[in-house]
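*Asks:* First the structure, which I've put down as structure tokens, then a few questions once you've had a look.
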Amino acid sequence: MLNLAVFLEDSARNYPDRDAVVLGETRLTYAQVNAGANQVANFLVSKGIQPGDKVALSCPNLPYFSLVYYGILKAGAVVVPLNILLKGREVAYHLGDSEAKAYFCFEGTADLAIGAEGHAGFEQADGCEHFVVITVDPAAPSPIEGTTTLGQALAGQAPTFETVATDADDTAVILYTSGTTGQPKGAELRHSNMHSNALVSRDLFGANADDPDTYLCVLPLFHSFGQTVIQNGAFAFGGTVVMLPRFEANAALGLMLREKVTFFGGVPTMYWGLLGALTEDVDVATLAANLRVAVAGGSALPIEVHKEFERRFGVTILEGYGLSETSPVASFAPWGKPPRVGSIGVPIPDVELKLIDADWNEITEPDAVGEIAIKGPNVMKGYYRRPEATAEAIHDGWFRSGDLARKDADGYYYIVDRAKDLIIRGGFNVYPREIEEVLMTHPAVSLAAVIGVPHESHGEEIKAFVILKPGAEATAEELVAWGKEQMASYKYPRIVDVVEALPMTATGKILKRELD
1 MLNLAVFLED SARNYPDRDA VVLGETRLTY AQVNAGANQV ANFLVSKGIQ
51 PGDKVALSCP NLPYFSLVYY GILKAGAVVV PLNILLKGRE VAYHLGDSEA
101 KAYFCFEGTA DLAIGAEGHA GFEQADGCEH FVVITVDPAA PSPIEGTTTL
151 GQALAGQAPT FETVATDADD TAVILYTSGT TGQPKGAELR HSNMHSNALV
201 SRDLFGANAD DPDTYLCVLP LFHSFGQTVI QNGAFAFGGT VVMLPRFEAN
251 AALGLMLREK VTFFGGVPTM YWGLLGALTE DVDVATLAAN LRVAVAGGSA
301 LPIEVHKEFE RRFGVTILEG YGLSETSPVA SFAPWGKPPR VGSIGVPIPD
351 VELKLIDADW NEITEPDAVG EIAIKGPNVM KGYYRRPEAT AEAIHDGWFR
401 SGDLARKDAD GYYYIVDRAK DLIIRGGFNV YPREIEEVLM THPAVSLAAV
451 IGVPHESHGE EIKAFVILKP GAEATAEELV AWGKEQMASY KYPRIVDVVE
501 ALPMTATGKI LKRELD
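UniProt numbering puts the first residue of the sequence shown at 1, with every later residue one more than the last.
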């Protein structure tokens, strides 16, 4: 039997007075987080939530995320973390597709209406019975009429709970990831998947429970990287997670100094931002003295950023590779060894990587390019309610990533291309097909093609080419504004070209390689 909540419970028992999460002046110990998670579990059980039921969560990097996350797990239910930037109709899709029975949603801020969008999605979704608003002030009334706040939900709930004894093969988390076609799919991750990957994330970098790391959590906790490497990896040995709800370079540097951060994990644009914020007023020497580990993932790290960070901080950024379907970590640059800039490292313990062709045949020649396939305890159970998609992705235990790479003679892997058509904007995966389908719901749009174009800070920006319907009128500016209303902020195209025609093959397939 295994439940991912064991990380919190063990640390609460072994280090009850140690800080688990920090947000500004708020500091919660492991004992406090565990008690709060127990209250969440008691509330869910009181509402009839059964082991295996799905419970969705929309929350930025706040202590509430950890309380609700582990509370759901303690109840034996399945956590469905949702991107906080989703719009109402996108929320409705995710709730319906995951068959969520309950939904915890942060109230939002003036510039990020998570609560309003979340409630709109809840109202549209079938089968989701309970909506709980997470308010900054637990005693505050709900900003959404007729809904229950987390403070109200937990009032009177006991701070003790006997965690449901789930099986290692039971689903713990469903992480939504898009494919190159169709709607987002839910990757079912077992308790064993997430547990083993968090332990590896803890052990890869020389973690010491007697002298635990302090992590700066700028990676979104709804994302697999932040969830496993930062939150679960820290909780696995009593580390402290310092939360920053929204990345801002100056704020991050200030927290790194104040909290003596020893572990930083981020996507390349975050490292780029930190370097750009280093002025003469920043105590770089102290930052560098505190920082022990820096890790990067999500997209390729520019070599110049890699070199400059090491020069300024005296720490080599370790690059890794993984996907939501692999919990997520599959490979990492070995800690304590000379870096190989540009490499995603070697397979993590107990995980195998190989390169394959389109027919699953292994490619063994050094430096030959093939698609990465992954096998090990980190590979998902499958895509929720999508047996055909699962069968296409997993063969004899091997998961095909869609990413192309080469392997050198020493076994180090190097990404040479991304999955076909995939755009990575600021560390977020954006799949053109989904954007194209939304654009084509605009009354003036006949056809759309979406690509990624280079961008200095985001890595890639989203660009759309659209053909209007005969007689229809719409400007590029109008289409950008409309897209902003319809899609999450990391998805909608900032650049739109209205064109007369698109390049196509003889069979009518759009030749995206000819677009720029």
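Cβ atoms here follow ideal geometry from the backbone N, Cα and C, with glycine treated the same way.
#1: Which whole runs of the alpha helix (DSSP H) in the region 138 to 217 are 4 residues long or more, in chain order?
#2: Taking residue 492 as part of the beta strand (DSSP E), name the residues at either end of that continuous run.
#3: Assuming residue 113 is part of the beta strand (DSSP E), what are its boundary residues?
#4: Pair every Cβ in the region 254 to 267 with every Cβ in the region 188 to 199, then say whether three or more of these pairs are closer than 8 Å.
#5: Taking C-alpha atoms, which residue in 500, 486 and 456 lies nearest to residue 86?
#6: From this set, 117, 111 and 323, which residue's C-alpha is nearest residue 193's C-alpha?
#7: Return the CA-CA distance between residue 180 and residue 470, expressed in angstroms with no decimal places.
#8: According to DSSP, is residue 259 helix, strand or coil?
#9: Report the rounded CA-to-CA distance for residue 365 versus residue 88, giving the unit in angstroms.
#10: Looking only at its chain, what residues have a beta carbon closer than 7 Å to the beta carbon of residue 237, apart from the 5 residues adjacent to it on each side?
#11: In terms of DSSP beta bridges, what is residue 451 paired with?
#12: Report the three-state DSSP secondary structure of residue 441 (helix, strand or coil).
#13: Considering Cα atoms alone, identify which of 82, 479 and 159 is closest to residue 40.
#14: Identify the continuous alpha helix (DSSP H) that holds residue 272 and give its terminal residues.
#15: Where does the unbroken alpha helix (DSSP H) through residue 37 begin, and where does it stop?
#16: On the three-state DSSP scale, how would you describe residue 348?
#17: Just verifying my parser: in three-state terms, what is the DSSP assignment at residue 398?
#18: DSSP state of residue 302, grouped into three classes?
#19: Pairing CB atoms from the region 300 to 310 with CB atoms from the region 148 to 159, are three or more of them under 8 Å?
#20: What are the start and end residues of the beta strand (DSSP E) that includes residue 240?
#21: Where residue 405 and residue 69 are concerned, what is the direct C-alpha to C-alpha distance, given to the nearest angstrom?
#22: In whole angstroms, what separates the C-alpha of residue 517 from that of residue 5?
#23: Classify residue 84 as buried or exposed, calling it buried when 16 or more other Cβ atoms lie within 10 Å of its own Cβ.
#24: What residue does the beta strand (DSSP E) around residue 318 start on, and which one ends it?
#25: Applying the 10 Å Cβ sphere with the 16-neighbour rule, what's the burial state of residue 246?
#26: Which word fits residue 553, buried or exposed, when buried means at least 16 other C-beta atoms lie within 10 angstroms of its C-beta?
#27: In terms of DSSP beta bridges, what is residue 58 paired with?
*Replies:* Considering the structure as presented:
#1: DSSP runs (the alpha helix (DSSP H)) wholly in the region 138 to 217: 150 to 154 and 191 to 203.
#2: Per DSSP, residue 492 is not a residue of any beta strand (DSSP E), being assigned neither H nor E.
#3: Membership of residue 113 in any beta strand (DSSP E) is not indicated, and neither H nor E is assigned to it by DSSP.
#4: Verdict: no, contact absent.
#5: Looking at the Cα atoms, 486 is the closest of the given residues.
#6: Checked all of 117, 111 and 323; the closest Cα to residue 193 is 323.
#7: In this prediction, residue 180 has a pLDDT of 42, which is less than 50 and means its spatial position is unreliable; nothing more can be read from the coordinates.
#8: Secondary structure of residue 259 (DSSP, three-state): coil.
#9: Each residue's alpha carbon lies about 49 Å from the other.
#10: Taken in chain order, the residues that qualify are 202, 207, 209 and 212.
#11: Residue 451 is bridged by DSSP to 463.
#12: Looking at residue 441 - three-state DSSP - the assignment turns out to be coil, as it is neither helix nor strand.
#13: Nearest of 82, 479 and 159 to residue 40, Cα basis: 159.
#14: Note, residue 272: alpha helix (DSSP H), 268 to 276.
#15: Residues 30 to 46.
#16: Look at residue 348 here: in three-state DSSP terms it is coil, with no helix or strand label.
#17: Correct three-state label for residue 398: strand.
#18: Three-state DSSP puts residue 302 in coil, outside helix and strand.
#19: Taking a cut-off of 8 Å for Cβ pairs, the region 300 to 310 and the region 148 to 159 do not touch, as fewer than three such pairs fall below it.
#20: First-last of the beta strand (DSSP E) with residue 240: 240 to 243.
#21: Near 35 Å, if we compare the C-alpha coordinates of residue 69 and residue 405.
#22: Because the chain is modelled from 1 through 516, residue 517 falls outside the range shown and cannot be assessed.
#23: Buried is the call here.
#24: Annotation: the continuous beta strand (DSSP E) that includes residue 318 extends over 317 to 322.
#25: When all chains shown are included, residue 246 counts as exposed.
#26: Residue 553 lies beyond the stretch modelled for the chain, which goes from 1 to 516, so this question has no answer here.
#27: In the DSSP output, where bridge partners are listed per residue, residue 58 has 105.
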